[in-house]
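Numbering (the working numbering), first residue to last: 358 to 436. For each residue, glycine too, the CB sits at the ideal point set by N, CA and C. Keep in mind that this is a model prediction, so the values were computed, not measured. Shown next, in structure tokens, is the structure this report addresses.
Here you go:
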């Protein structure tokens, strides 16, 4: 499992950072924590495919990964 930072998400896909590059066309599963201002934590578990992977311009050893959002489900995490 790898961790990263979600930069942008929409109904069609996601842009996130990762420490390692992913292969184009690779099927992936990713979970994005949603910033809900409530007592319950909510995450979005998604299945998609990698569309592109570019080295980040921020100077950090990271990649920006763009992936489709083909299927999803909400996960409610108990605290």
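- Assignment of residue 419 by DSSP, reduced to helix, strand and coil, places it in the coil class.
- Secondary structure of residue 377 (DSSP, three-state): coil.
- For residue 430, the pairing in a beta bridge is given by DSSP as 402.
- Cβ contact annotation for residue 363 (same chain, cutoff 7 Å, sequence separation greater than five): 371, 373, 389, in chain order.
- When the five nearest sequence neighbours on each side are left out, the beta carbons in the same chain lying within less than 7 Å of the beta carbon of residue 434 are those of 398, 400, in order along the chain.
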